[in-house]
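Taking it in order: structure first as structure tokens, then the write-up.
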Amino acid sequence: MLDIFEILGPIMVGPSSSHTAGAVRIGRMAGTLLGEPPVKADIGLYGSFAETGRGHGTDRALVAGLLGMKPDDLRIPDSFAVARERGLDFTVHPVELREAHPNTAVLTVEGASGRKTCVQAASTGGGRIRVDQLDGVAVSFTGIFNTLILRHWDVPGELAHLTRALSDGGINIANMSLVRDRRGGSVMTIFEIDQPVPQSVRDQLAQVPWVFGVIYYVQNYKNLLTRKTRIHTLIHKNEKYRNRRYTFVVEEINEEKSNLILKGKLSGNMHVFDEVYVYSLENDAFTVRI
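If you're matching positions, the sequence shown starts at 2 in my numbering and goes up one per residue.
And the structure:
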């Protein structure tokens, strides 16, 4: 199924949604998972990131993300200077990886407290990202949801205690995955959550026996209304949006509760389709209406 982000892309400072906007989000993810402002960063670029990243501003975008900037921040081209002002020391260099996505970055970041974390993540297109490794452990999450990353020991019933704490707090789990190093060893459990997780629930999770780490990545709900308004101003009736394979012509724009409804013609491969795209304010995403 075609994602409209393949045509419209995210709101961003260019030139590339994958090499610039996605790179900013990778940097922001690494900074969030560190849990404090980074003061040191070793940034490794793989594949297309390494080969064309400088021209696309990938290095500056990753640094911008580490500084907390968003993909539409006009300071992204000047992120190196901002980093010097804020005392962020960083290096950027190519790396060799095995079986990695061609748009992959490996960020080893350190905060003033001495805390470190290593994040390997890929920019998968349209500004979207996927975290593939966290501190050497294979994972898979995107940051589309609020995300809880729990470190605990592998003991019987531990997962039940964790899910019960979330249930007692009224938290709905969208996706869950876990990986352990060995039987009875350490475990990393990742919960992708439909709604924000209150501090009280996170504190309760931290107090569950055998838990020794709680990391929380919160989806950015701030300014979604502004984003909706900006999308509305960027999309115009009778305008054409193209990628390599398809052209989408907007014929009608309507509002339905917190959604924008785009009706139009999608053409490609010698066919023309009536298509309806829905932009959801709540989920900050486009979907195809069946």
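Don't be surprised by glycine CBs; every beta carbon is placed ideally from N, CA and C.
Item to check | For proline 39, the nearest candidate out of Arg85, Ser49, Gly23 (CA to CA) | outcome: Position 38 of the sequence shown, counted from the start, is the residue given in the question as residue 39. Minimum Cα distance to proline 39 is reached at Arg85.
Checklist entry - Going by Cα to Cα distance, which pick from Ile216, Ile172, Ile44, Leu68 is closest to histidine 153? => result Position 152 of the sequence shown holds residue 153. Measuring C-alpha to C-alpha distances from histidine 153 to each of Ile216, Ile172, Ile44, Leu68 identifies Ile216 as the nearest.
Next on the checklist: Between the alpha carbons of arginine 116 and alanine 42, how many angstroms are there, rounded?
Outcome noted: To locate residue 116, count along the sequence shown from 1; it is residue 115. To locate residue 42, count along the sequence shown from 1; it is residue 41. So the two alpha carbons sit approximately 12 Å from each other.
Checklist entry - Start and end of the beta strand (DSSP E) containing aspartate 136? => result Along the sequence shown, one-based indexing puts residue 136 at 135. Neither: aspartate 136 is in no beta strand (DSSP E) and is coded neither H nor E.
Item to check | valine 180 vs leucine 149 beta-carbon contact at 8 Å | outcome: In the sequence shown, counting from the first residue as 1, residue 180 sits at position 179. In the sequence shown, counting from the first residue as 1, residue 149 sits at position 148. For the pair valine 180 and leucine 149, the CB atoms are not nearer than the 8 Å cut-off.
Checklist entry - From this set, Gly32, Ile130, Gly137, Val93, which residue's C-alpha is nearest threonine 113's C-alpha? => result Within the sequence shown, residue 113 is the residue found at index 112, counting from 1. As written in the sequence, residue 113 is alanine, which differs from the threonine given in the question. It is Gly32 whose Cα lies nearest to the Cα of alanine 113.
Item to check | Reduced DSSP category for phenylalanine 91 - H, G, I as helix; E, B as strand; rest coil | outcome: Taking the sequence shown and counting its residues from 1, one reaches residue 91 at position 90. In the displayed model, phenylalanine 91 falls within a strand according to three-state DSSP.
Item to check | Every unbroken beta strand (DSSP E) within the region 134 to 208, with a cutoff of 3 residues, ordered by chain | outcome: Fully enclosed beta strand (DSSP E) runs of 3 or longer: 138 to 142, 147 to 154, 174 to 181, 187 to 194.
Checklist entry - Do you know offhand how far leucine 75's Cα is from threonine 21's? => result In the sequence shown, the residue the question calls residue 75 occupies position 74. In the sequence shown, the residue the question calls residue 21 occupies position 20. When the Cα atoms are used, leucine 75 and threonine 21 turn out to be separated by approximately 12 Å.
Checklist entry - Who are the Cβ neighbours of valine 83 in its own chain at under 7 Å, not counting the five residues just before and after it? => result Counting from one through the sequence shown, the residue named residue 83 turns up at place 82. Excluding sequence positions up to five before and after valine 83, its CB lies within less than 7 Å of the CB of Leu68, Arg76, all in the same chain and listed in chain order.
Item to check | Residues of its chain near asparagine 284, where Cβ-Cβ distance is below 6 Å and the 5 sequence neighbours each way are ignored | outcome: As a working note, residue 284 is residue 283 in the sequence shown. Interpretation of asparagine 284 is limited by its pLDDT of 48, a score under 50 that renders its predicted location unreliable; the figure taken from the coordinates is listed afterwards. If we look at asparagine 284 and ignore the five residues flanking it on each side, it has no Cβ neighbours.
Next on the checklist: Buried or exposed for phenylalanine 146, going by 16 or more other Cβ atoms inside 10 Å?
Outcome noted: Counting from one through the sequence shown, the residue named residue 146 turns up at place 145. Phenylalanine 146 should be labelled buried.
Next on the checklist: I need the straight-line Cα distance from valine 138 to alanine 161, nearest angstrom please.
Outcome noted: As a working note, residue 138 is residue 137 in the sequence shown. As a working note, residue 161 is residue 160 in the sequence shown. Separation of valine 138 and alanine 161 (C-alpha to C-alpha, rounded to the nearest whole angstrom) is 22 Å.
Checklist entry - Span of the beta strand (DSSP E) holding threonine 118? => result Locating residue 118 in the sequence shown gives position 117, counting from the first residue. Residues 117 to 126.
Next on the checklist: Is the beta carbon of valine 93 closer than 8 Å to that of leucine 46?
Outcome noted: By one-based count along the sequence shown, residue 46 stands at place 45. By one-based count along the sequence shown, residue 93 stands at place 92. With respect to valine 93, leucine 46 sits close: the two C-beta atoms are nearer than 8 Å.
Item to check | Assigned exposure category for phenylalanine 192 - 16 Cβ within 10 Å defines buried | outcome: Start at 1 with the first residue of the sequence shown, and residue 192 comes out as number 191. Classified as buried, phenylalanine 192 has 16 or more neighbouring CB atoms from the shown chains inside 10 Å of its CB.
Next on the checklist: Quick check: what's the CA-CA separation for leucine 89 versus glycine 66?
Outcome noted: The sequence position of residue 89 within the sequence shown is 88, counting from 1. The sequence position of residue 66 within the sequence shown is 65, counting from 1. About 12 Å.
Item to check | CA-to-CA distance, glutamate 111 to valine 96, given in whole angstroms | outcome: As a working mapping, residue 96 is identified with position 95 in the sequence shown. As a working mapping, residue 111 is identified with position 110 in the sequence shown. Approximately 19 Å, taken between the alpha carbons.
Checklist entry - Is proline 210 helix, strand or coil when you go by DSSP? => result One-based indexing of the sequence shown puts residue 210 at position 209. Coil at proline 210, not helix or strand.
Checklist entry - Which of helix, strand or coil does DSSP assign to arginine 76? => result Taking the sequence shown and counting its residues from 1, one reaches residue 76 at position 75. Arginine 76: coil per DSSP, three-state reduction.
Checklist entry - Which runs of the alpha helix (DSSP H) spanning at least 4 residues fall entirely within the region 15 to 71, listed in chain order? => result If only uninterrupted alpha helix (DSSP H) runs of at least 4 residues are considered, those enclosed by the region 15 to 71 are 23 to 35, 49 to 57, 59 to 67.
Checklist entry - Alpha carbon to alpha carbon, how far is lysine 223 from valine 107? => result To locate residue 223, count along the sequence shown from 1; it is residue 222. To locate residue 107, count along the sequence shown from 1; it is residue 106. Unreliable placement is indicated for lysine 223, whose pLDDT of 38 sits below 50; the coordinate value is still reported in the next sentence. As the crow flies, the alpha-carbon of lysine 223 is around 28 Å from that of valine 107.
Checklist entry - Roughly how many whole angstroms lie between the Cα atoms of cysteine 119 and arginine 29? => result Taking the sequence shown and counting its residues from 1, the one referred to as residue 119 is at position 118. Taking the sequence shown and counting its residues from 1, the one referred to as residue 29 is at position 28. Spanning the alpha carbons of cysteine 119 and arginine 29 requires a straight line of approximately 13 Å.
Next on the checklist: Tell me the DSSP secondary structure of alanine 293 in three-state form.
Outcome noted: The displayed coordinates of the chain run from 2 to 291. Any statement about residue 293 would go beyond what the structure contains.
Next on the checklist: What does the alpha-carbon distance come out to for the pair histidine 237 and alanine 207?
Outcome noted: Within the sequence shown, residue 237 is the residue found at index 236, counting from 1. Within the sequence shown, residue 207 is the residue found at index 206, counting from 1. Its pLDDT being 47, under 50, histidine 237 is placed unreliably by the model, and the measurement read from it follows with that caveat. C-alpha separation (whole angstroms): 48 Å.
Next on the checklist: Can you tell me whether valine 215 is helix, strand or coil according to DSSP?
Outcome noted: Counting from 1 along the sequence shown, the entry for residue 215 is found at position 214. DSSP places valine 215 in strand when its eight states are reduced to three.
Item to check | Cβ shell of threonine 234 (< 6 Å), same chain only, five flanking positions each side left out | outcome: By one-based count along the sequence shown, residue 234 stands at place 233. Note on threonine 234: pLDDT 41, under 50, position unreliable in the model; the coordinate value appears next. Its chain contains no residue whose beta carbon lies nearer than 6 Å to that of threonine 234 once the 5 sequence neighbours on both sides are disregarded.
Item to check | Status (buried if at least 16 other CB within 10 Å, exposed otherwise) for phenylalanine 1 | outcome: With the chain running from 2 to 291 in the structure shown, residue 1 is simply not present.
Item to check | Three-state secondary structure assigned by DSSP to valine 96 | outcome: The sequence position of residue 96 within the sequence shown is 95, counting from 1. DSSP places valine 96 in coil when its eight states are reduced to three.
Checklist entry - Which residues does DSSP pair with arginine 129 in a beta bridge? => result Working through the sequence shown from its first residue, we reach residue 129 at position 128. Arginine 129 pairs with Gly126.
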